[in-house]
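For the sequence shown, UniProt numbering gives the first residue as 1, with consecutive numbering after it.
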Amino acid sequence: MPDRAMPDQETITKATETLQKIGRPLLAFISAALPIVISSCQKAWAFYKKLPHNVVQFLIGTILCFFGGLYPTLFAAIQAAKIGGINIVSKALSDISEEAMIVIEESKKDDKVDADGNGVADVKEMDSKALLLRKANLVMTKMNPQKVDEAMAAISKVWLSVISVLTVQFARTIALSISISDSLKKTFNRFCTPTIQKAVPKEYQKWVPVVVGWICKSIGMSLAWYIQTVISAVTSALEGGKIAAFAILKFFKDKGMNPAGIIPEDLDDTYVDEAIAYLFAALGVFFQFKLGFDVPFPFNLLLFPFEIAEYYIRWSITTVSEA
1 MPDRAMPDQE TITKATETLQ KIGRPLLAFI SAALPIVISS CQKAWAFYKK LPHNVVQFLI
61 GTILCFFGGL YPTLFAAIQA AKIGGINIVS KALSDISEEA MIVIEESKKD DKVDADGNGV
121 ADVKEMDSKA LLLRKANLVM TKMNPQKVDE AMAAISKVWL SVISVLTVQF ARTIALSISI
181 SDSLKKTFNR FCTPTIQKAV PKEYQKWVPV VVGWICKSIG MSLAWYIQTV ISAVTSALEG
241 GKIAAFAILK FFKDKGMNPA GIIPEDLDDT YVDEAIAYLF AALGVFFQFK LGFDVPFPFN
301 LLLFPFEIAE YYIRWSITTV SEA
């Protein structure tokens, strides 16, 4: 028993030491980056709210047309959230960001405190462990827990409703993913798992079936969702092209412009929007296939948060269905 306990204790000690080493630079990074992120998001949201309706519709249509297949579950989640309470989420995120800014401002003031009057800020004289405890205490005392709790509860409720909608919407893809992963798991467990278990130390053999299961699930998800990506690329391109085309015609009509007299008084009584929509759709599908359903460098860095959100949602709805 002592021999087994020692590695665990050593691991905990090393993890604690590592956390203490990165604690100070991590706090500095969060204090510097978080206000910028919050401010940028607030400005982007305010700019979005001020855009004319036709411009918003054109942007939505264009994004769906050219990127709908790259982020099918993310866009579906946004659509579901509009029904399930996107305004609630917006308010909750605003409340959380307000509390975060309060804590950050108080932390900046705390960084200047020199209680012993020796000319050096107290936080600079502390080790990483004491600094982390001091900042944790600051968060606990300056944050409004009731406000944050209500905001987190609101986000959780909307998230659960979104997951429920997406689970139904992508039921076939999820079923295919589970079917592929189960088939792979049986094959791996029969031919590969015993060999791998012999190759790893005895104390880690219990992890082999679990890791194999994760790998099989990842492969199954990748194959099933690639098929769904192709389907979503076509359907979203058609839908996005339709939205963008109607927004263009509405824009020209509202401005009193009628190129070549092709825009009728009644926008429902024309095939021009359909022609434009199919053109947009063809370009959108070609664009996504040309990319190989993968955002190229350097745009992948800019859209990295979207990539994380997309794969997290895919994993979430697949895991929920397996449970």
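All residues carry an ideal CB built from backbone N, CA and C; glycine is no exception.
Could you please give the first and the last residue of the uninterrupted alpha helix (DSSP H) stretch that includes residue i?
i, result
"P209", "V208 to D254"
"M140", "S128 to K142"
"C65", "H53 to F67"
"M152", "P145 to Q169"
"Y278", "V272 to L291"
"D122", "Counting along the chain, D122 falls outside any alpha helix (DSSP H), and DSSP gives it neither H nor E."
"A199", "T193 to A199"
"V103", "I86 to D111"
"L301", "F299 to L302"
Would the beta-carbon of residue i fall within 8 Å of that of residue j?
i, j, result
"M101", "P145", "no"
"V295", "L283", "no"
"G220", "I155", "no"
"K142", "V103", "yes"
"I88", "V158", "yes"
"E239", "L64", "yes"
"L132", "V123", "no"
"C216", "K253", "no"
"A237", "A281", "yes"
"A224", "L176", "yes"
Can you give me the Cβ contacts of residue i inside the same chain, cut-off strictly under 6 Å, excluding the 5 residues immediately before and after it?
i, result
"A277", "G241, K242 and A245"
"M6", "The predicted position of M6 is uncertain, since its pLDDT is 45 and thus under 50; no value can be drawn from it."
"D273", "A245, F246 and L249"
"I38", "S97"
"C41", "none"
"Q205", "Q197"
Might you give, ordered along the chain, the residues of its own chain that have their beta carbon closer than 7 Å to the beta carbon of residue i, omitting 5 neighbours on each side?
i, result
"F306", "Y71 and L74"
"A247", "N54, Q57, F58 and G61"
"Q169", "A76"
"A81", "V89, V158 and V162"
"E99", "M143, N144, K147 and V148"
"I30", "none"
Any idea if residue i is buried or exposed, counting beta-carbon neighbours within 10 angstroms, 16 or more meaning buried?
i, result
"M140", "exposed"
"L26", "exposed"
"I317", "buried"
"R190", "exposed"
"M257", "exposed"
"E105", "exposed"
"K50", "exposed"
"V285", "buried"
"K108", "exposed"
"F299", "exposed"
"L279", "exposed"
"F66", "buried"
"V200", "exposed"
"S183", "exposed"
What residue from the options has the CA that sits closest to residue i's CA?
i, options, result
"G292", "A115, N87, F191 and T229", "T229"
"Y226", "Q288, L64 and L160", "Q288"
"K147", "V113, D95, E106 and W159", "D95"
"residue 328", "V162, K186, A237 and K185", "With the chain covering 1 to 323 only, the question about residue 328 has no answer from this structure."
"R134", "D110, A151 and G117", "D110"
"W315", "T167, S107, V234 and D149", "T167"
"K91", "L301, E150 and K43", "E150"
"G85", "A153, A46 and I178", "A153"
"W45", "L93, I30 and F29", "L93"
"T173", "Y48, S222 and F29", "S222"
"I83", "V165, D116 and G117", "V165"
"P52", "F251, A28 and A136", "F251"
Closer than 8 Å by C-beta to residue i: which residues in its own chain qualify, once you throw out the five before and the five after it? Chain order, please.
i, result
"S232", "G68, G69 and P72"
"A121", "D111, K112, V113 and D114"
"T319", "none"
"V212", "K185, F188, N189, C192, T193 and I196"
"P209", "N189 and T193"
"T235", "G68"
"L138", "V103, E106, S107 and D110"
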